[in-house]
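Novice: Numbering (mature numbering (1 follows the signal peptide of the UniProt record, and there is no 0)), first residue to last: -24 to -1, 1 to 336.
C-beta atoms are modelled at their ideal positions from N, C-alpha and C, and glycine is treated no differently.
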Amino acid sequence: MSLLKLLPLAFVLWLGAATGPATARTLNGDFAFPDGDIALYEGDECELTKKPLRTGICRKATECPLSAGRNAVHCEIGVRDAVVCCPTAGGTGVSANRFTSIAKQECDAFLSRSSDLTVYLSVNRKEASLGEFPFMASINFEGDDVGEIGCGAALISKRFLVTAAHCFGSFKPVSVTLGTIRKDDPEANVYRVKEVHIHENYKRRQNDLALLELDTDVAEDPYIGPICLNSEMEIDSSTNLTVMGWGRDGNGAWTNRLYKGIVRMVNEDLCKEKYNEARLTVQLNEKILCALGEKSAVSNEYTDACEGDSGGPLIMTVRGKFYLVGVISFGTSCGGTIPGIYSQISQHIDWIERKVWGGQ
């Protein structure tokens, strides 16, 4: 019996769950909400106090005994079970020092300019909305007139995007498309690629990162904006992470619209176990993150990424803002029980800063 091959996931979102339209949430009563009256959802990071900074994870109140009382910080109500900001182990949640100085300065600048771009994830939706992910880009390759070479990227500064190194083995990127959720959008913004910076230590599935340098700065646009880099985000298997892309659909056809899905981190031991069961060898370390979504009761498939989405972002929200956690790297098949593999951004901050901002 032939073994499955590890796909350098040029990866497509496999969104197994069939869902209905998002419903409005009504916020009633005398409750305290996270900073800025932002309604967060179960699995999101949340803020308990400002001074000192203490954060937690949004969980059902019935699963968080420490939240008992009228002064609990609520993430979401108007649902069957109240969702509250539950302290994480140690009570510190997200580290206040999660950025190195350059990344933090750039992130603060992004957020000060793009507060109008703040949006909130809707866990069960399939298609992304225009402007929902202003950092998301598709890469256009030389000779690919019909868009069948699938790779995504995330804008992290006015001139640089981060993506996967394996996207460029045999193909030359010529431009990136920003500010749209449709690949055939005639009004999308297209920027020429000046240079590709492959990670110096990239080797097969290790350090699978690359930076695309554009030949001009990205112009101000209501639907385009960089994403902040995560450095030391404390995430666990209960944290909602969002993956997105324009890859193939469940029938193997290329999608024209941007799709998204919710996945959660899988611990290293379980990830290794799943790959071993498939008789596949994968070298896991602190630079790699495993993630997989929930199983659909309708299709019995798991939310996952698949062929066509390589290089796309894995993100999370902290107090209503987006942070880049990982970059889609590889996996086996779409919608199965084996987690996808992502390059972890927090372990490559120094390299990114040096290339993008010159290590100032």
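Hey, Lys134 and Val194 are a contact pair by Cβ (cut 8 Å); roughly how many whole angstroms apart?
Specialist: Taking the sequence shown and counting its residues from 1, the one referred to as residue 134 is at position 158. Taking the sequence shown and counting its residues from 1, the one referred to as residue 194 is at position 218. The Cβ separation is near 5 Å, so the contact holds.
Novice: Per DSSP, what are the beta-bridge partners of Ser151 in this structure?
Specialist: The count along the sequence shown starts at 1 and reaches residue 151 at position 175. In the DSSP output, where bridge partners are listed per residue, Ser151 has Asn116 and Arg168.
Novice: Give a yes or no on whether the C-beta atoms belonging to Leu205 and Trp222 are separated by under 7 Å.
Specialist: If you number the sequence shown from 1, residue 205 lands on position 229. If you number the sequence shown from 1, residue 222 lands on position 246. The answer is no: Cβ separation not under 7 Å.
Novice: On a CA-only basis, which of Ile157, Pro162 and Glu244 is nearest Pro110? Give me that one, please.
Specialist: For the purposes of this step, residue 110 is taken as the residue at position 134 of the sequence shown. Looking at the Cα atoms, Ile157 is the closest of the given residues.
Novice: Identify the continuous alpha helix (DSSP H) that holds Glu329 and give its terminal residues.
Specialist: Counting from one through the sequence shown, the residue named residue 329 turns up at place 353. Per DSSP, Glu329 belongs to the alpha helix (DSSP H) from Ile325 to Trp333.
Novice: Which partner residues of Leu290 appear in the DSSP bridge assignment?
Specialist: As a first step, residue 290 is located in the sequence shown; it is residue number 314 there, counting from the start. For Leu290, which the question treats as bridged, DSSP gives the partners Val219 and Gly302.
Novice: Take Val332 and list the residues in its own chain whose beta-carbon comes closer than 6 Å to its own, dropping the five residues that flank it on each side.
Specialist: To locate residue 332, count along the sequence shown from 1; it is residue 356. These residues qualify, in order along the chain: Ser133 and Phe136.
Novice: For Thr38, tell me which candidate among Asp161, Leu24, Val59 and Lys248 has the shortest Cα-Cα distance.
Specialist: The sequence position of residue 38 within the sequence shown is 62, counting from 1. Ranking the options by Cα distance to Thr38, first place goes to Val59.
Novice: Please work out which residues of its chain come closer than 7 Å, Cβ to Cβ, to Tyr199, disregarding the five sequence neighbours upstream and downstream, and give them in chain order.
Specialist: Indexing the sequence shown from 1 puts residue 199 at position 223. Excluding residues within five positions, the ones whose Cβ falls inside 7 Å are Leu106, Gly107, Pro110 and Gly155.
Novice: To the nearest angstrom, report how far apart Thr192 and Glu18 are at their CA atoms.
Specialist: To locate residue 192, count along the sequence shown from 1; it is residue 216. To locate residue 18, count along the sequence shown from 1; it is residue 42. Taking the straight line joining both Cα atoms gives about 40 Å.
Novice: Should the stretch 234 to 254 be regarded as contacting the stretch 319 to 334, the criterion being three or more beta carbon pairs within less than 8 Å?
Specialist: The stretch 234 to 254 vs the stretch 319 to 334: no contact.
Novice: Here's a check: name, in chain order, each residue in its chain whose Cβ is nearer than 7 Å to the Cβ of Gly334, leaving out the five neighbours to either side.
Specialist: Stepping through the sequence shown from its first residue, residue 334 is reached at position 358. Once the five neighbours on either side are set aside, Gly334 has no close Cβ partner at all.
Novice: Would you tell me roughly how many angstroms separate the C-alpha atoms of Cys266 and Asn165, rounded to the nearest one?
Specialist: By one-based count along the sequence shown, residue 266 stands at place 290. By one-based count along the sequence shown, residue 165 stands at place 189. Distance between the alpha carbons of Cys266 and Asn165 is about 32 Å.
Novice: The beta strand (DSSP E) spanning Tyr318 covers which residue range?
Specialist: Counted from its first residue, the sequence shown places residue 318 at position 342. Taken as a continuous stretch (DSSP letters only), the beta strand (DSSP E) holding Tyr318 covers Gly316 to Gln320.
Novice: Given Cys143, which residues of its chain have a CB within under 6 Å of its CB, disregarding the five upstream and five downstream residues?
Specialist: For the purposes of this step, residue 143 is taken as residue 167 along the sequence shown, with counting starting at 1. The residues are Cys127, Ser286 and Gly287.
Novice: Between which two residues does the beta strand (DSSP E) carrying Cys22 extend?
Specialist: Within the sequence shown, numbered from 1, the residue matching residue 22 stands at position 46. Element bounds for Cys22: Glu21 to Thr25.
Novice: Nearest-angstrom Cα distance between Arg35 and Pro289?
Specialist: Here the question's residue 35 lines up with position 59 in the sequence shown. Here the question's residue 289 lines up with position 313 in the sequence shown. Rounded to the nearest angstrom, the two C-alpha atoms are 25 Å apart.
Novice: What separation, rounded to the nearest whole angstrom, lies between the Cα atoms of Val49 and Glu176?
Specialist: For the purposes of this step, residue 49 is taken as residue 73 along the sequence shown, with counting starting at 1. For the purposes of this step, residue 176 is taken as residue 200 along the sequence shown, with counting starting at 1. Computed Cα separation, rounded: 45 Å.
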